[in-house]
């Protein structure tokens, strides 16, 4: 009797373990939900999903969602996308949203977009509801040298066909910034840009900046324009300082050359004076030699001495006259400039 009860307990435990394993590998709840929703799937297929390491809950739930929304997708397609590392829920949500919005999007393109690393559901939402991209401040200089800082708001919608391989938001922002810089730089005056900022939007929008991107630009609006620095004046100041430095260097060079030339001329003058002194020292010797040879008489010598004395006297008188004349001019200048203590006017004037 005791042996029979033990065997019965063993059988019950074994059956419980087998039932638990079956319920794990064969989710009966999912099978009942799929059957009730009109999705045909067998328990064997659920078991095979477990063996292929596919989450049955994700596959069955999204198959039910797609079936209720009228989207025709097969279990094999969802399993293949799941095994490829894709987001099954995002793909099904994107297909449903595109179908309701009238956007041409099939399962193959949706899975390609998802596997490319883009949010396919967000792309569909952007196609339905365009989003606004705010560009960072863009600095540009007009032809008159005034810097302008502009901010733009770019309204875009996703281009589903260009999502795979197309450029993203960064490219849009870079191209719009380049267009703003080009437009402002080609303006003759910054005042024209401030008076008509729409001209920037029209010119930039006409360039077709969305070519090769995953977005279609709908509009470009200039949100704000601020006046920055006077770049032209700063460049002129820098150039003037550079020219000033060059001129100072050249002037210093000429000054150094003039000083060197002056020193050289002084050296030559001293050399000439030394030669004169040396020549004058030889004159008495020459006179004595002339006396001995009978080439110079006593009367000729006296005439020479008188001529020399007259010359020295004339030079002395001329030198004294120049000193007196210079001293008189200086005294006269001092008298003219001396002010009266009481009136502040010049009292010692020329009489």
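Residue numbers (my numbering): -18 to 332. Each residue gets a CB set at the ideal place from its N, CA and C atoms; glycine is no exception.
Which of helix, strand or coil does DSSP assign to residue i?
| i | result |
| --- | --- |
| residue 197 | strand |
| residue 187 | coil |
| residue 210 | strand |
| residue 170 | coil |
| residue 112 | strand |
| residue 55 | coil |
| residue 97 | coil |
| residue 73 | helix |
| residue 22 | coil |
| residue 103 | helix |
| residue 84 | coil |
| residue 341 | Nothing about residue 341 can be reported from this structure: the residues present for the chain run from -18 to 332 only. |
| residue 255 | helix |
| residue -11 | helix |
| residue 204 | strand |
| residue 277 | coil |
| residue 34 | coil |
| residue 67 | coil |
| residue 230 | helix |
| residue 284 | helix |
| residue 222 | helix |
| residue 192 | coil |
Would you kindly report the start and end of the unbroken beta strand (DSSP E) that includes residue i?
| i | result |
| --- | --- |
| residue 131 | 127 to 139 |
| residue 121 | 119 to 122 |
Return yes when at least one heavy atom of the ligand COA lies under 8 Å from the C-beta of residue i, else no.
| i | result |
| --- | --- |
| residue 195 | No copy of the ligand COA appears in this structure; indeed no ligand is present at all. |
Here's the rule I'm using: 16 or more other beta-carbon atoms within 10 Å means buried, otherwise exposed. How should residue i be labelled?
| i | result |
| --- | --- |
| residue 328 | Summary for residue 328: the model assigns pLDDT 40, below 50, so the residue's position carries little reliability; its value from the coordinates is reported in the next sentence. Classification for residue 328: exposed. |
| residue 257 | exposed |
| residue 54 | buried |
| residue -15 | exposed |
| residue 179 | exposed |
| residue 60 | buried |
| residue 88 | buried |
| residue 123 | buried |
| residue 142 | exposed |
| residue 67 | buried |
| residue -7 | exposed |
For the alpha helix (DSSP H) that contains residue i, what are its first and last residues?
| i | result |
| --- | --- |
| residue 265 | 264 to 274 |
| residue 39 | 37 to 50 |
| residue 147 | Here residue 147 belongs to no alpha helix (DSSP H), and DSSP marks it neither H nor E. |
| residue 15 | 9 to 17 |
Output yes if chain B places a C-beta closer than 9 Å to the C-beta of residue i; else output no.
| i | result |
| --- | --- |
| residue 255 | Considering every chain present, this structure includes no chain B. It has just one protein chain. |
Handout entry: the segment 205 to 224 contacting the segment 129 to 142, beta-carbon criterion three pairs below 8 Å
Key = yes
Handout entry: Stretch-stretch touch, CB-based, cutoff 8 Å, three pairs: the segment 33 to 50 with the segment 9 to 24
Key = yes
Practice task
Determine, using beta-carbon pairs with one atom in the segment 147 to 159 and one in the segment 187 to 204, whether at least three such pairs fall under 8 Å.
Solution key: yes
Exercise for the section: Decide yes or no for the touch test of the segment 103 to 112 against the segment 65 to 82: beta carbon pairs closer than 8 Å, at least 3 of them. Expected result: yes
Problem - the segment 159 to 167 in contact with the segment 175 to 190 per 3-pair CB rule at 8 Å - result: As far as the Cβ criterion goes, the segment 159 to 167 touches the segment 175 to 190, which means the pair count is three or higher.
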